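If you use the numbering used here, the sequence shown corresponds to residues -10 to 66, in order. Heads up, the beta-carbon is just placed ideally off N, CA and C, and yes, glycines get one too. The structure presented is a predicted model; accordingly, all values stated were derived computationally and were not measured. Let me begin by presenting the structure, written as structure tokens, before commenting on it.
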Amino acid sequence: MGTENNDEAIIQNLVDAGCDKDTITAFVEDIHEEKITEGLKLLAMHRRSLLDDLHKEQKRIDCLDYLIYKIEKLQKA
């Protein structure tokens, strides 16, 4: 029963981290089969994907900030 509760906590954590069903299934299988290195690689890949998305969104924010800056500068002139 302890394993089930642990699996549930891991699965919930992966869901909260935005992992898709395939990644979650593969990770849980890796852990059950004691393929820790493979499981960690999956998590690293997902983390990298999240960072890539974050950087794309940051670039969009930077573009908006620049536009706001330019408009405010024109308004003061």
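With 16 other Cβ atoms within 10 Å as the buried cut-off, status of residue i
{"i": "Ile60", "result": "exposed"}
{"i": "Asp54", "result": "exposed"}
{"i": "Ile50", "result": "exposed"}
{"i": "Gly7", "result": "exposed"}
{"i": "Ile25", "result": "exposed"}
Distance between residue j and residue i (C-alpha atoms, nearest Å)
{"i": "Leu56", "j": "Ala66", "result": "16 Å"}
{"i": "Val4", "j": "Tyr58", "result": "38 Å"}
{"i": "Asn(-6)", "j": "Leu40", "result": "29 Å"}
{"i": "Ile0", "j": "Lys10", "result": "10 Å"}
Cβ separation of residue i and residue j, assumed to be a contact under 8 Å, to the nearest whole Å
{"i": "Val17", "j": "Asp42", "result": "Actually they do not touch by this definition, with Cβ atoms about 24 Å apart."}
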